[in-house]
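See below for the structure under consideration.
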Amino acid sequence: MFRYLLVLNQIKRSILKFPISGEEHTELVPGLDQLPDGIVVDPTRKTIYWTNMGVPTLVNPDEPPAEHNLDFYAQTGSIEQASIDGSGRSYLLPPGSFVTGKQLSAAWSLGRLYWADREGAAIRSVRLDGTDLRDEVLVALDDTERHIVRNQCVGIAVDEQNGLLYWTQKGPSKGGDGRIFRTSLQIPAGHTPASRDIEVLWSQLPEPIDIELDLASGVIYWTDRGAPPLGNTLNKAQIPAPGQQGGEVTVLASGFAEAIGLAVDKAAGVAYVSDMAGEIRAVNLDGSGEHLFAKVDGNFTGIVGI
Numbered sequence: 001m002f003r004y005l006l007v008l009n010q011i012k013r014s015i016l017k018f019p020i021s022g023e024e025h026t027e028l029v030p031g032l033d034q035l036p037d038g039i040v041v042d043p044t045r046k047t048i049y050w051t052n053m054g055v056p057t058l059v060n061p062d063e064p065p066a067e068h069n070l071d072f073y074a075q076t077g078s079i080e081q082a083s084i085d086g087s088g089r090s091y092l093l094p095p096g097s098f099v100t101g102k103q104l105s106a107a108w109s110l111g112r113l114y115w116a117d118r119e120g121a122a123i124r125s126v127r128l129d130g131t132d133l134r135d136e137v138l139v140a141l142d143d144t145e146r147h148i149v150r151n152q153c154v155g156i157a158v159d160e161q162n163g164l165l166y167w168t169q170k171g172p173s174k175g176g177d178g179r180i181f182r183t184s185l186q187i188p189a190g191h192t193p194a195s196r197d198i199e200v201l202w203s204q205l206p207e208p209i210d211i212e213l214d215l216a217s218g219v220i221y222w223t224d225r226g227a228p229p230l231g232n233t234l235n236k237a238q239i240p241a242p243g244q245q246g247g248e249v250t251v252l253a254s255g256f257a258e259a260i261g262l263a264v265d266k267a268a269g270v271a272y273v274s275d276m277a278g279e280i281r282a283v284n285l286d287g288s289g290e291h292l293f294a295k296v297d298g299n300f301t302g303i304v305g306i
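The sequence shown begins at 1 in my numbering and counts up by one.
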């Protein structure tokens with residue numbers, strides 16, 4: 001079971017550490033000035049990794065820097081790392097290595113990190129030593145295609161056991177055009193990141209964001225920041241068999257203020273959901289209840305349990 005949660009706060013520019021016991025949270029890593037979004041912890045190496053969206057420009061310089069007025073199409077994304085105690089912060093991939101870093105996942109047995117590059121319209125990976133940066137899935141091949149919002153990738157989960165890769169493409173804001181995809185973790189011989197076989201598991205979702213797998217139970221969980229009643233929710237569904245489409249979706253919790261991050265404590269039967277209002281909600285996986293775990297100033301993106 002989790003002992004702590006690590007959560008990214010973009011507005012406060014920090015990684016916050018929350019004891020599950022309910023004690024006061026602390027600031028673990030300050031000074032995150034490039035809009036951190038996805039976070040994972042390597043349990044063996046005791047290392048935190050996180051993606052950065054990068055430094056946006058303003059679409060309209062005369063308007064404030066609200067989310068709708070930020071342009072992330074410049075290639076300024078990066079990945080950073082630090083020890084589990086917050087020390088030794090450094091770049092694994094420096095700014096400009098890709099476009100916009102979103103949810104981060106890993107295949108620890110392969111020694112690789114995997115993440116969604118939103119404005120890059122791609123899934124990418126790199127070794128834990130920062131070498132062998134490569135494209136795993138290319139949804140768009142030119143700037144015109146990358147500017148089509150339904151092509152942009154956001155959430156990601158790796159199934160090391162079965163050699164599979166899952167990701168979300170959220171579609172336009174509140175647009176009801178979100179999708180969840182699956183492909184093999186390894187690119188088959190004779191295929192490329194742009195030509196490989198891909199399954200569409202769910203479509204016409206409100207706006208799916210981060211995802212997590214529970215392989216023992218055969219369940220996929222995801223957050224959704226789309227329009228209510230099916231958006232701004234925590235959802236679950238059975239993972240479909242190969243070649244099958246996804247089935248019925250169950251809403252476990254609703255009423256979030258732009259639900260983003262997701263950390264599922266399978267042993268405790270609880271999912272922790274972070275949102276853009278600076279709240280973390282603890283939701284029972286069996287649907288029996290939920291409670292507000294934490295509320296702070298700022299906003300939350302990625303979250304991970306340790």
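Ideal placement from N, C-alpha and C gives every residue a C-beta, glycine not left out.
As the structure is a computational prediction, the values presented were derived from the model and not from experiment.
- The count of Cβ pairs closer than 8 Å, one atom from the stretch 208-219 and one from the stretch 145-162, reaches three, so the stretches are in contact.
- Comparing alpha carbon positions, the residue from Thr76, Ile15, Ile280 and Ser173 closest to lysine 295 is Ile280.
- For glutamate 160, no beta strand (DSSP E) segment is defined, and its DSSP state is neither H nor E.
- With a minimum length of 4 residues, the unbroken runs of alpha helix (DSSP H) contained wholly in the stretch 92-166 fall at 143-146.
- Boundaries of the beta strand (DSSP E) harbouring lysine 17: 14-19, taken from the DSSP string.
- When beta bridges are read from the DSSP output, alanine 82 appears opposite Ile48.
- Within the stretch 163-199, complete beta strand (DSSP E) segments of at least 3 residues are found at 164-169 and 178-184, given in chain order.
- Its Cα nearest to that of aspartate 129, the residue Ile79 stands out among Leu201, Thr223, Met53 and Ile79.
- In the structure shown, the three-state DSSP call for histidine 25 is coil.
- As a beta-bridge residue in DSSP terms, glutamate 290 pairs with Val283.
- Counting other Cβ atoms within 10 Å of its Cβ, glycine 38 reaches 16 or more and is therefore classed as buried.
- Fewer than three pairs of CB atoms, one per stretch, sit closer than 8 Å, so the stretch 18-27 makes no contact with the stretch 64-80.
- Short of 6 Å from the beta carbon of serine 203, and not among the five residues preceding or following it, lie these beta carbons of its own chain, in chain order: Arg179.
- Around the CB of isoleucine 11, fewer than 16 other CB atoms lie within 10 Å, so the residue is classed as exposed.
- Glycine 231 counts as buried, since no fewer than 16 other beta carbons sit within 10 angstroms of its beta carbon.
- In this structure, Glu119 is the residue among Tyr166, Leu165 and Glu119 with its C-alpha nearest to the C-alpha of arginine 150.
- With 16 or more neighbouring CB atoms inside 10 Å of its own CB, threonine 168 falls in the buried class.
- Rounded to the nearest whole angstrom, the CA to CA distance from lysine 102 to leucine 133 is 16 Å.
- Nearest to alanine 82 by C-alpha distance, out of Ile15, Trp115, Val59 and Thr144, is Ile15.
- Cβ atoms of glycine 302 and leucine 285 stay farther apart than 8 Å, at about 20 Å.
- Here DSSP, grouped into helix, strand and coil, assigns glutamate 212 to strand.
- Here asparagine 299 carries a coil assignment [DSSP, helix/strand/coil].
- By DSSP's assignment, aspartate 265 forms a beta bridge with Val270.
- CA-to-CA, the gap between valine 283 and isoleucine 209 works out to about 17 Å.
- Look at asparagine 9 here: in three-state DSSP terms it is strand.
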